[in-house]
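Colleague:
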Amino acid sequence: MDKPHFIRPCTYIWLALMLLTVTTYSIGEAGLGGLTVMLIVIGTAAIKVQLMANYFMGLRRTRWLWRGIVLGWLLLVTGLITIAYLSTIK
Amino acid sequence: MQFKSQAVAKPYFIAAIGLFVGQILFGLIMGYQYVVGDFLFPYIPFNVARMVHTNLLIVWILFGFMGAAYYLIPEEAETELYSPKLAMIMFWIFLVAGVLTIVGYLAVPYATLAHMTGNDILATMGREFLEQPLPTKVGIVIVALAFLFNISMTVLKGRKTSISLVLLMGLWGLAIFFLFSFYNPSNLVLDKYFWWWTVHLWVEGVWELILGAMLAFVLIKITGVDREVIEKWLYIIIAMTLITGIIGTGHHYFWIGTPEYWQWFGSVFSALEPIPFFMMTVFAFNMVNRRRREHPNKAATLWALGTGVMSFLGAGVWGFMHTLAPVNFYTHGTQITAAHGHMAFYGAYVMVNLTMISYAMPLLRGRSANSGPSQVMEMWAFWLMTVSIVFITLFLTAAGILQIWLQRMGSNPMSFMEAQDQVMLFYWLREITGFVFLIGLVLYIWSFFYKNSEAQAAA
Amino acid sequence: MAIWFFIFAELLAFGIFFVAYAFARAHNVVLFNESQQHLNITSGAINTLVLITSSYFMVRAVAAIKQNLSRECARWIAAAIGFGGIFLVIKLFEFHAKFADGITLSTNTFYMFYLSLTIFHFMHVILGMVILMAVMLKARSGGYSAENHTGVETGASYWHMVDLLWIILFPLVYVIH
């Protein structure tokens, strides 16, 4: 039997997730802060969650409703975190 | 009724309903004392009436749970009860102990009762819901252990289903959490902390398991939906209940001297507590819509659906209303709590017992369901009681909001008694609605005796 | 299927906690920024890599069972569990360092959140490992096949969720300031 077609994309996704994590880590180690950095970091996290949910969890191949719930959750949580962050910048 | 030993459930159900009537009567006495303060003074002071009202509630619900277990477990395990005799002995011990306790409350001053019953040896009395004298508490433990032994042995020798396992888990939890009533540290904060573990970990933890199991059992019987489907729902509901309920109980620790993080834990987890109740509602309606048979007992179906809806409203919505710490800062210990308490207890634990009794009692009396006219009467009882509780809750909520506004907000807040005078109108309305509830309850009881002779002949 | 209700409920619980953290921080920026500097970003980042890799192993486990390779599936799951174990060990070192400094839930609001979020997540990792262990044992004894492998997918979904939560938790608590 052939190997399922989703292994190769998932391997790339795994590599991408590792790289994105290293990026976030470098930003953290460098002690960078501020609005732009915050948006980049939270944006990276959001992208990682989407990659994880759509490829690893296989939501790409299931009902759009469940994909929508995860996406909606992600937007709501990261959105509110961003609003809270913005409220501290006067 | 498939097994002879299920018949032991009958006296338990009858006792439960009898004590329920007592609870309502004392509720009415208390409700009247809210508006006419010296009613029945000095014979039944307010604190005694309140104690009797709440203790009867808990005891009759326990009778209902035990009866339900004795009815349900043999049928699920497909075997006779381990010892029907033990079940009957325990019934009489529990009933006599319960009645003596209530007589004790009414006959002698509470301090004298405490002195008479050995509270000096091990002080456990004087705390809300746990007012029972030491011998009663010990009696409850003995009855609970014998009961658990009896039904656990029945399950062990018979078929093991998810429903009976969940029920057993709930009942064992109930007994274990009761043991905290014997622990009464002199540090007030510690005392409160553990005190919440008895009744409140019951209602938002282990009792929900009992509720889920009882509801699932009745739904299997009246809808004929596959056991597998119902069990899957049951598992998720139980998991959600335990995740949210156990830490969610932290919403009781807010202003009693516990660490501040409880405000976060309690708020977040208890905010999720409506979810299992909501799922219970969806579950009940879903199963009834997918029913594969038309069970003749329509009244029991109505009660089962009602349990789903009312437990969600009472425990879920009315609980959520004041569970977040910043809101609770203003609402704790006001009539909002009383409103939530009434609807949650009725919607969840009273109704599930009435569902079970409505389903099982006709079977115990040798017919598949009560006659048509009698079911119509029972449905009237359902609507009268349920609508009354909704209104009692709404009046108390209104009283609570006004009370908070007058007594806890603004620059010049009123004293407690001044604020009470201002909400008197709502207390009157609540009392009147209470009488409607009593009418509903009388109809419920009457429906079991009304025009049932021909149904009996047919069966 | 049923696991998804559970996953959504978990997402909701953590979601509320994340947002609560963000708003609590907004009221106390100085304290949060100061306390955050004492966290060990390196161990947090390594743990992210560990979990992501572990998740990838579960993807391979699902792929293996779809080809009817029970033993290979069980081996991938074992690898995933092993990496879960590495996560726990690193986390324990981190907790040990914090407790040695006398930090508790009551130290301040930041540490309250840091400890409760990470401990709460820690317990989910343990639960996930228990689930995977059960799935692995069943896979090893040939309990799954290409046609019937819902159990493997259910375990994998739960494990990915645990990973997904950490992917937000790490930048939120360790990095953003």
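Protein sequences appear in the order of chains D, E and Y. Heads up: the first sequence is residues 33 to 122, going by this note's numbering. Heads up: the second sequence is residues 15 to 473, going by this note's numbering. Heads up: the third sequence is residues 4 to 180, going by this note's numbering. Idealized CB from N, CA, C, for every residue including glycine.
1. Give a yes or no on whether the C-beta atoms belonging to Asn367/E and Ala30/E are separated by under 8 Å.
2. Taking C-beta pairs closer than 9 Å, name the residues in chain Y that Ala116/D reaches, listed in chain order.
3. Quick check on the DSSP output: the alpha helix (DSSP H) that includes Thr138/E runs from which residue to which?
4. Please report whether the beta-carbon of Ala16/Y lies at a distance below 8 Å from any beta-carbon of chain E.
5. So the candidates are Phe163/E, Leu223/E, Tyr197/E; which of them puts its Cα closest to the Cα of Phe291/E?
6. Does Ala472/E come within less than 8 Å of chain Y when only Cβ atoms are used?
7. Which residue's Cα is closest to the Cα of Gln70/Y: Ile129/Y, Ile93/Y, Gly47/Y, Gly145/Y?
8. Taking the continuous alpha helix (DSSP H) assigned at Asn164/E, which residues delimit it?
9. Is it the case that the region 46-54 of chain D contacts the region 137-156 of chain Y, given that we only count it when at least three CB pairs across the two stretches are under 8 Å?
10. Could you name the residues of chain Y that Ile250/E contacts, counting a contact when the two beta carbons are closer than 7 Å?
11. Hey, Thr237/E and Thr168/E are a contact pair by Cβ (cut 8 Å); roughly how many whole angstroms apart?
12. For chain D, find out if any of its Cβ atoms is closer than 8 Å to the Cβ of Ala66/Y; answer yes or no.
13. Give, in chain order, every unbroken run of the alpha helix (DSSP H) that is at least 4 residues long and sits entirely within the region 26-69 of chain Y.
14. Identify each residue in the region 39-52 of chain D for which the Cβ-Cβ distance to at least one residue of chain Y is less than 7 Å, and report them in chain order.
15. Would you call the CB atoms of Leu378/E and Ala21/E closer than 8 Å?
16. Return the CA-CA distance between Met15/E and Tyr249/E, expressed in angstroms with no decimal places.
17. Within the 8 Å Cβ cut-off, does Ile80/Y reach chain E?
18. Tell me which residue opens and which closes the alpha helix (DSSP H) that Tyr249/E is part of.
19. Decide if Trp269/E is buried, meaning its Cβ has at least 16 other Cβ atoms within 10 Å, or exposed.
20. Using the Cα positions of Phe77/E and Arg63/Y, report the straight-line distance between them to the nearest angstrom.
21. Are Ile244/E and Leu233/E touching if we call contact CB-CB under 8 Å?
22. So which residues of chain D does Val178/Y contact, with C-beta pairs closer than 7 Å?
23. Report the neighbours of Trp96/D on chain Y: residues whose CB is nearer than 7 Å to its CB, in chain order.
24. Our contact map puts Thr150/E next to Leu144/E with C-beta atoms below 8 Å; I'd like the distance itself, whole angstroms only.
25. First and last residue of the alpha helix (DSSP H) that includes Ser461/E?
26. Phe59/D to Val178/Y, Cα distance in whole Å?
27. Taking the alpha helix (DSSP H) that Ile177/E falls in, what are its first and last residues?
28. Taking the straight line between their C-alpha atoms, what separation do you get for Tyr197/E and Phe34/E?
29. Are the C-beta of Glu63/Y and some C-beta of chain D separated by less than 8 Å?
30. Could you check where the alpha helix (DSSP H) with Ser385/E kicks off and where it finishes?
31. Between the alpha carbons of Leu15/Y and Ile116/E, how many angstroms are there, rounded?
32. How would you label Asp166/Y, buried or exposed, when you count the other beta carbons within 10 angstroms and need 16 or more for buried?
33. Alpha helix (DSSP H) containing Tyr41/D: first to last residue?
34. Run down chain Y in chain order and give the residues with a C-beta less than 7 Å from the C-beta of Gly65/D.
35. Since Asp166/Y meets chain D, which of its residues come closer than 7 Å, beta carbon to beta carbon?
Modeller: Working from what's here:
1. Between Asn367/E and Ala30/E, the C-beta spacing is below 8 Å.
2. Val22, Tyr24, Ala25, Phe26, Ala27, Arg28, Ala29
3. Thr138/E -> no alpha helix (DSSP H), and no H or E assigned at all.
4. It does: the Cβ of Ala16/Y has a partner Cβ on chain E nearer than 8 Å.
5. Checking every option, the nearest Cα to that of Phe291/E belongs to Leu223/E.
6. With a pLDDT of only 46 at Ala472/E, under the threshold of 50, the placement of this residue in the model should not be trusted; the figure read from the coordinates follows. It does not; no Cβ of chain Y falls within 8 Å.
7. Gly145/Y
8. 148-171
9. no
10. Ala5, Phe8, Phe9
11. Actually they do not touch by this definition, with Cβ atoms about 25 Å apart.
12. Interface residue (Cβ-Cβ distance to chain D less than 8 Å): Ala66/Y is classified as such.
13. Counting whole runs of 4 or more residues, the region 26-69 of chain Y contains the alpha helix (DSSP H) stretches 32-39, 44-69.
14. Ile39, Cys42, Trp46, Leu49, Met50
15. Yes; because the gap between Cβ atoms is below 8 Å, this pair is in contact.
16. 27 Å
17. no
18. 241-262
19. exposed
20. 54 Å
21. yes
22. Thr56, Ile59, Gly60, Val73
23. Result: empty, since nearest Cβ-Cβ is about 14 Å, beyond 7 Å.
24. Contact flag wrong, Cβ pair sits at about 10 Å.
25. 438-461
26. Per the sequence shown, residue 59/D should be read as Ile rather than Phe. The straight-line gap from Cα to Cα measures roughly 8 Å.
27. 176-192
28. 29 Å
29. The displayed chain sequence assigns Arg, not Glu, to residue 63/Y. It does; some Cβ of chain D falls within 8 Å.
30. Segment: none, Ser385/E is in no alpha helix (DSSP H) and carries neither H nor E.
31. Here the C-alpha atom of Leu15/Y lies approximately 45 Å from the C-alpha atom of Ile116/E.
32. buried
33. It should be pointed out that residue 41/D corresponds to Pro in this sequence rather than to Tyr. Residues 39-61.
34. His180
35. Met84
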